[in-house]
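*Asks:* Numbered per UniProt numbering, the sequence shown spans residues 1 to 238.
Beta carbons: idealized from backbone N, C-alpha and C, even for Gly.
My structure is below; once you've seen it, I'll send some questions.
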Amino acid sequence: MARGNTTSEARLNFSEPIVVKSVPDEIQHKILSLLSDRKLLPGDRLPAERELASALRVSRTTLRDALRGLAARGVLESRAGSGWYVQLDASSIDVAIALHFELSDLAVDQILEVRRAFEPAVAYHAATGRTDVELARMRELIEAMEHPDSGDTYLKLADEFHLLVATATHNPFFLMALRPVVDLMSQTRHADPAWEGKASQTEHRELLAALEAQDPERAAAAMATHLGGAITRSWVGR
Numbered sequence: 001m002a003r004g005n006t007t008s009e010a011r012l013n014f015s016e017p018i019v020v021k022s023v024p025d026e027i028q029h030k031i032l033s034l035l036s037d038r039k040l041l042p043g044d045r046l047p048a049e050r051e052l053a054s055a056l057r058v059s060r061t062t063l064r065d066a067l068r069g070l071a072a073r074g075v076l077e078s079r080a081g082s083g084w085y086v087q088l089d090a091s092s093i094d095v096a097i098a099l100h101f102e103l104s105d106l107a108v109d110q111i112l113e114v115r116r117a118f119e120p121a122v123a124y125h126a127a128t129g130r131t132d133v134e135l136a137r138m139r140e141l142i143e144a145m146e147h148p149d150s151g152d153t154y155l156k157l158a159d160e161f162h163l164l165v166a167t168a169t170h171n172p173f174f175l176m177a178l179r180p181v182v183d184l185m186s187q188t189r190h191a192d193p194a195w196e197g198k199a200s201q202t203e204h205r206e207l208l209a210a211l212e213a214q215d216p217e218r219a220a221a222a223m224a225t226h227l228g229g230a231i232t233r234s235w236v237g238r
């Protein structure tokens with residue numbers, strides 16, 4: 001009896017050997033496990049390469065391959081004449097995520113939909129978490145957005161404002177999640193030369209007022225309104 005559709009089966013090749021993790025991969029896994037178990041902490045210096053290679057029973061060349069791989073992932077940092085340090089670099093994560101989405105050809109409207117779903121929660125927590133120093137900087141940004149020298153300058157200031165709102169939650173995940181999205185949007189939009197940003201600025205002021213009042217519900221609603229309006233504004237590049 002003939003089989004129906006064997007297309008998927010044809011793509012599967014079970015004759016290929018199972019690939020065991022490489023030694024550098026195993027070394028990376030071991031170091032990451034030490035981080036997860038809090039046996040290594042940010043700022044800690046790893047043992048000298050010779051000592052570490054001996055303990056792991058690998059060559060120094062293999063060890064360096066593993067350490068360089070972790071450095072590329074933003075986990076370790078090599079300091080000349082000093083050795084390897086745990087230096088968790090969130091910016092490396094941001095770049096990797098932004099690059100992934102850039103290569104995925106995400107539409108700007110899709111990015112805004114994600115922001116509209118996500119950022120009201122950010123504003124909600126920022127309303128109770130923000131400090132007076134952060135609030136003062138938000139006011140400075142709002143003032144600078146009143147008379148920008150160009151639409152693009154306005155957008156850069158607005159990006160800083162939104163990232164500061166995320167910072168004000170004092171939950172590092174919010175900032176880590178938002179930054180690559182903001183960075184990606186900055187590459188895929190442009191400001192219409194005739195655009196003055198009046199509607200957007202009115203929304204920013206309402207959001208600032210909610211943050212000043214430490215009113216989470218009002219802040220979340222203001223952010224939702226602001227991002228809803230952003231989808232229809234002429235400055236968004238499509």
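What residue ranges within the UniProt domain "HTH gntR-type" (21-89) form continuous alpha helix (DSSP H) runs of no fewer than 4 residues, ordered along the chain?
*Replies:* Here the runs fully enclosed are 23-36, 49-56 and 60-72.
*Asks:* Residue range of the alpha helix (DSSP H) that residue 230 falls in?
*Replies:* It spans 216-230 - the alpha helix (DSSP H) in which residue 230 sits, taken as one unbroken run.
*Asks:* Reducing DSSP to helix, strand and coil, say where residue 167 ends up.
*Replies:* Here residue 167 sits in helix by DSSP.
*Asks:* Short check: CB of residue 125 to CB of residue 153, under 9 Å?
*Replies:* In this structure, residue 153 does not lie closer than 9 Å to residue 125 by Cβ.
*Asks:* Do the segment 115-129 and the segment 75-86 meet, that is, are 3 or more Cβ pairs less than 8 Å apart?
*Replies:* Touching, no.
*Asks:* Can you tell me where the alpha helix (DSSP H) holding residue 210 begins and where it ends?
*Replies:* Looking at the DSSP string, the run of the alpha helix (DSSP H) that includes residue 210 is 198-212.
*Asks:* Do residue 167 and residue 140 have their C-beta atoms within less than 9 Å of each other?
*Replies:* Taking 9 Å as the Cβ cut-off, residue 167 and residue 140 do not qualify as a contacting pair.
*Asks:* Can you have a look at residue 174 and say buried or exposed, based on whether 16 or more other CB atoms are within 10 angstroms of its CB?
*Replies:* Counting Cβ neighbours within 10 Å, residue 174 comes out buried, since at least 16 surround it.
*Asks:* In whole angstroms, what separates the C-alpha of residue 132 from that of residue 184?
*Replies:* Looking at the two C-alpha atoms, the distance is approximately 30 Å.
*Asks:* Helix, strand or coil, according to DSSP, for residue 125 in the structure here?
*Replies:* Note: residue 125 maps to helix in three-state DSSP.
*Asks:* Determine the DSSP secondary structure at residue 186, reduced to helix, strand or coil.
*Replies:* The answer is helix: DSSP assigns residue 186 an H, G or I state.
*Asks:* Could you check where the alpha helix (DSSP H) with residue 132 kicks off and where it finishes?
*Replies:* Residues 132-146.
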